[in-house]
Amino acid sequence: MKVAQVGPGILPIPPPGYGAVEKHIDHLSKELQKKGHDVTILNDVIGEYPWAIRVGRMLREVHFDIVHVHTSFLAGYLTRFAGLKQRIVYTSHCPYWNLAGLGPRERWGMLWEKNAVRYATLVIALTEDLEATMSVFRHALNGKRLYAPDVHFVPNGVDCDLFGWRDGRKGNRVCMLGKVIPRKRMHLVAMAMQDVRDAELHIIGPIADRDYARLISKANTETVFHSGLTETDVANELGAMDVFVHASEAEAMSMAVLEGMASELPIVHAARSHAMEAASAGIEVPWDDHPADYAQAINRLLDDPVFACDLQMKARSIAMAEYSWEKVAAGVERAYEAAGHMPP
Numbered sequence: 001m002k003v004a005q006v007g008p009g010i011l012p013i014p015p016p017g018y019g020a021v022e023k024h025i026d027h028l029s030k031e032l033q034k035k036g037h038d039v040t041i042l043n044d045v046i047g048e049y050p051w052a053i054r055v056g057r058m059l060r061e062v063h064f065d066i067v068h069v070h071t072s073f074l075a076g077y078l079t080r081f082a083g084l085k086q087r088i089v090y091t092s093h094c095p096y097w098n099l100a101g102l103g104p105r106e107r108w109g110m111l112w113e114k115n116a117v118r119y120a121t122l123v124i125a126l127t128e129d130l131e132a133t134m135s136v137f138r139h140a141l142n143g144k145r146l147y148a149p150d151v152h153f154v155p156n157g158v159d160c161d162l163f164g165w166r167d168g169r170k171g172n173r174v175c176m177l178g179k180v181i182p183r184k185r186m187h188l189v190a191m192a193m194q195d196v197r198d199a200e201l202h203i204i205g206p207i208a209d210r211d212y213a214r215l216i217s218k219a220n221t222e223t224v225f226h227s228g229l230t231e232t233d234v235a236n237e238l239g240a241m242d243v244f245v246h247a248s249e250a251e252a253m254s255m256a257v258l259e260g261m262a263s264e265l266p267i268v269h270a271a272r273s274h275a276m277e278a279a280s281a282g283i284e285v286p287w288d289d290h291p292a293d294y295a296q297a298i299n300r301l302l303d304d305p306v307f308a309c310d311l312q313m314k315a316r317s318i319a320m321a322e323y324s325w326e327k328v329a330a331g332v333e334r335a336y337e338a339a340g341h342m343p344p
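Take 1 as the starting number for the sequence shown in the numbering used here and just add one per residue.
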């Protein structure tokens, strides 16, 4: 198939360091090319809104069997307002389906997300729960009486060759991975570290909100931030950690959690983040979570190396068996084949 992968127009592909959607597009495109598909990545780094207009014009001039879009605004714009006669597959990375009490910015994003899910030729959901939610939403709005298989579940992926165990683990390093913004709820873990003896908190990812970073540092003055890293540097840092904590308020499906699992780390994860991929590879913190809940989970892992080792091995084996990019590409390929039988 001749496939266009449409990037967000925000970061290069591949990204210089952290950028989950861009990494997803990069790894998926390489695997699809291995399978014999003609894949073109379209991604001018000029900002999402001007890029949407530019790529819309480009796609009116060149035909692809599949146009695969990965962000709410671009998919909403291209399906509704660009005047395209192309089959558009949309992979939703949007976290807002699982998030209550949306603010103005999130409501704006969800407006475009709902347009994208409703009008795309076919939708790819990263979890089975989101597949069900989007199917009900899409079919109700489109007036369909019978179920149509136009929402497919295909999970996120991880590079298990790059991410893995590194020598030099000290037995006391706790880490979080992701953009430093309030929605990631890193301050809760920083507060929890006050009740974890002789341990270090490492936060790996770009500091997008410096005020929030100062709040984290105030909660735990010993917090170490790692930003400006390449993907290889991120893998090396993760591989030398001992416990991975994911406290995010909501995610579609976190690539960061998969990278922690591939790095052979036990996962402490918030119930509200819906990290089902880590269910048997870590400890779930209750929905109504508090710093004490994270402290208890972290202490259990640091104090019981045998238990932690069992979860480490489970995490790595699950990542390799279920979330390789080869397996993800096979699922996307099936979605493309289904979309090929649908009208543009």
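By construction, the Cβ of each residue, glycine as well, lies at the ideal position given by its N, Cα and C atoms.
- Residue range 243-246 is occupied by the beta strand (DSSP E) that includes Val243, with no alpha helix (DSSP H) assigned at that position.
- Take the alpha-carbon of Ala329 and the one of Gln194: they are about 43 Å apart.
- In this structure, the straight-line span from the alpha carbon of Val151 to that of Ala219 is close to 43 Å.
- DSSP links Asp38 through a beta bridge to Lys2.
- For Gly76 against Trp51, the beta-carbon gap comes to about 14 Å, at or over 8 Å, which does not count as contact.
- Note that the segment 156-172 touches the segment 263-276; at least 3 beta-carbon pairs, one per stretch, sit closer than 8 Å.
- A straight-line Cα-Cα distance of about 20 Å links Val285 and Glu200.
- Pro344 sits away from Arg118, with the two beta carbons spaced by 8 Å or more.
- Three or more beta-carbon pairs separated by less than 8 Å are not found between the segment 223-232 and the segment 93-112, which leaves the two stretches without contact.
- In the structure shown, Glu277 falls within a helical segment according to DSSP collapsed to helix, strand and coil.
- When DSSP states are grouped into helix, strand and coil, Ala270 belongs to the strand group.
- Here Gly19 carries a coil assignment [DSSP, helix/strand/coil].
- A straight line joining the alpha-carbon of Met191 with that of Asp198 spans about 14 Å.
- Met253 sits in coil when the DSSP states are folded into three classes, being neither helix nor strand.
- Counting along the chain, His68 sits inside the beta strand (DSSP E) bounded by residues 66-69.
- For Ala208, same chain residues with a beta-carbon under 7 Å away, outside a window of 5 residues either side, are Lys179, Val180, Ile181 in chain order.
- Around the beta-carbon of Thr40, fewer than 16 other beta-carbon atoms lie within 10 Å, marking it exposed.
- Taking the C-beta atoms as reference points, Leu258 is found nearer than 8 Å to Val158.
- Judged by DSSP secondary structure, Leu177 falls within the beta strand (DSSP E) whose first and last residues are 173-177.
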